[in-house]
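S.K.: The structure follows.
Residue numbers (the working numbering): 55 to 430.
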């Protein structure tokens with residue numbers, strides 16, 4: 055029985071939220087000869103949202119399906135509160151799932167959809183009615199209990215799917231691209247709603263997404279995946295500010311890639327001579343030898359336009375192609391030789407005219423520095 059094998063989240067009224075710990079220990083999954091997940095180890099503390107972020111085919115959805123019990127790994131374990139759950143069926147793991155496609159039964163009302171998991175577990179009817187009402191109220195859908203999915207909008211269907219997942223009081227909540235089918239404004243509303251509910255119930259959650267903005271706004275930590283492996287796990291701000299690899303720097307946010315060579319070590323920083331002509335300082339926890347080829351990745355807001363005649367040796371010549379207004383900011387499209395750059399600056403007055411400019415690294419910028427061989 056579920057109650058004997060997998061813990062459940064307490065109802066909000068029971069007191070302070072208390073989630074459960076999820077561990078993925080050395081998970082390895084193959085499809086034929088192709089390795090989809092390659093020895094991934096991740097821990098999700100109680101009450102945390104962990105986002106699995108990466109491009110299509112990186113293994114994030116496969117890993118989620120292994121936690122849910124839909125796929126059996128060839129190696130590794132899935133544990134909740136230190137207890138392995140690999141031997142349990144999907145229905146016996148205490149896991150609630152919200153899919154991209156909603157997966158609602160079209161012939162059932164919203165209330166019947168929410169009740170389905172409880173009925174499958176053999177709960178008493180009085181308990182089912184109470185939990186269905188509470189779950190629909192939590193997602194603000196109590197007024198739509200009698201409607202079938204075709205009479206609901208996409209956002210409303212997703213709320214019902216979330217209520218169905220919460221009704222079973224899951225130990226772990228899995229969110230598989232839950233906003234991909236929604237428009238931008240509705241996505242933001244539901245992101246806020248799900249995070250509010252997750253905080254209220256204290257449920258531990260794993261979110262799969264390819265949308266970096268979604269991961270950064272919702273997650274307590276992000277695991278950036280590539281080729282079945284995790285390249286970095288950290289808080290969203292840490293991943294953005296201090297990417298562990300060039301891939302992470304380019305996938306999470308926009309990043310400008312500047313190649314150069316180490317000229318000297320100056321205290322905690324390195325003097326870098328860029329191929330584009332500038333000489334600048336960059337700090338890095340990594341060790342580099344004088345003369346070594348390096349790759350510097352700078353965020354659009356870390357670079358600034360200068361006049362074409364600016365003599366600053368830390369600036370290099372370029373050409374401004376166009377400037378695009380983005381709300382209170384301007385995005386500058388710049389080319390420096392064969393290198394295309396994006397610069398992001400506050401919008402003040404009219405946009406500058408296209409033509410010759412210089413580009414400089416802002417004094418307080420902390421770009422990431424990698425060995426040139428890491429750029430592949």
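Even glycine gets a Cβ: it sits at the ideal position worked out from N, Cα and C.
Can you give, in chain order, each stretch of the beta strand (DSSP E) that sits fully within the region 146–233 and has at least 3 residues?
M.R.: Here the runs fully enclosed are 149–152 and 226–230.
S.K.: Span of the alpha helix (DSSP H) holding residue 252?
M.R.: Numbered from 1 along the chain shown, position 198 holds the residue referred to as residue 252. From DSSP, the alpha helix (DSSP H) with residue 252 extends over 238–255.
S.K.: On a CA-only basis, which of 331, 345 and 305 is nearest residue 317? Give me that one, please.
M.R.: Translated into the one-based positions of the chain shown, residue 317 becomes position 263. It is 345 whose Cα lies nearest to the Cα of residue 317.
S.K.: Quick check on this structure: which residue in 304, 402 and 369 has the alpha carbon closest to the alpha carbon of residue 333?
M.R.: For the purposes of this step, residue 333 is identified with residue 279 of the chain shown, where counting begins at 1. Selected option, being the one with the closest Cα: 369.
S.K.: With a 10 Å radius around its C-beta and 16 neighbouring C-beta atoms as the bar for buried, classify residue 246 as buried or exposed.
M.R.: On the chain shown, position 192 is the one that residue 246 refers to. It counts as exposed.
S.K.: At which residues does the beta strand (DSSP E) containing residue 286 begin and terminate?
M.R.: If you number the chain shown from 1, residue 286 lands on position 232. That run of the beta strand (DSSP E) goes 283–288.
S.K.: Just the C-alpha distance for residue 357 and residue 324, rounded to the nearest angstrom, thanks.
M.R.: For the purposes of this step, residue 357 is identified with residue 303 of the chain shown, where counting begins at 1. For the purposes of this step, residue 324 is identified with residue 270 of the chain shown, where counting begins at 1. One C-alpha to the other measures close to 18 Å.
S.K.: Leaving out five residues before and five after residue 95 in sequence, what residues of the same chain have Cβ atoms less than 6 Å from its Cβ?
M.R.: The sequence position of residue 95 within the chain shown is 41, counting from 1. 79 and 80, listed in sequence order.
S.K.: When the Cα atoms are used, what is the spatial distance from residue 384 to residue 222?
M.R.: Here residue 384 refers to the residue found at position 330 of the chain shown. Here residue 222 refers to the residue found at position 168 of the chain shown. Going by the C-alpha atoms only, they are around 48 Å apart.
S.K.: Using C-beta distances below 6 Å, list every residue in its chain close to residue 422, excluding the 5 sequence neighbours before and after it, in chain order.
M.R.: Residue 422 sits at position 368 when you count from the first residue of the chain shown. So the list reads 297, 303 and 351, once near-sequence residues are dropped.
S.K.: Using only CA atoms, which one of 237, 218 and 239 lies nearest to residue 229?
M.R.: Here residue 229 refers to the residue found at position 175 of the chain shown. Of the listed residues, the one whose Cα sits closest to residue 229 is 218.
S.K.: Would you list, in sequence order, the uninterrupted beta strand (DSSP E) runs of no fewer than 3 residues that lie entirely inside the region 271–348?
M.R.: Here the runs fully enclosed are 275–280, 283–288, 310–320, 323–328 and 333–337.
S.K.: Counting only the same chain and skipping the five closest in sequence on each side, list residues whose C-beta sits under 6 Å from that of residue 284.
M.R.: As a position in the chain shown, residue 284 is number 230, starting the count at 1. The residues are 94 and 277.
S.K.: Select from 99, 396 and 407 the residue whose C-alpha is nearest the C-alpha of residue 308.
M.R.: Here residue 308 refers to the residue found at position 254 of the chain shown. Of 99, 396 and 407, the residue nearest in Cα terms is 396.
S.K.: Who are residue 389's beta bridge partners in DSSP?
M.R.: Residue numbering aside, residue 389 sits at position 335 when the chain shown is read from its first letter. Answer is 373 and 394, bridged to residue 389.
S.K.: Can you find the residues in the same chain that come closer than 7 Å, C-beta to C-beta, to residue 199, ignoring five residues on each side of it along the sequence?
M.R.: Taking the chain shown and counting its residues from 1, one reaches residue 199 at position 145. Within the same chain, residue 199 has close Cβ partners 163, 164, 165 and 190.
S.K.: Provide the residue span of the alpha helix (DSSP H) that contains residue 118, from first to last.
M.R.: Against the chain shown, residue 118 aligns to sequence position 64. Residue 118 -> alpha helix (DSSP H) spans 114–122.
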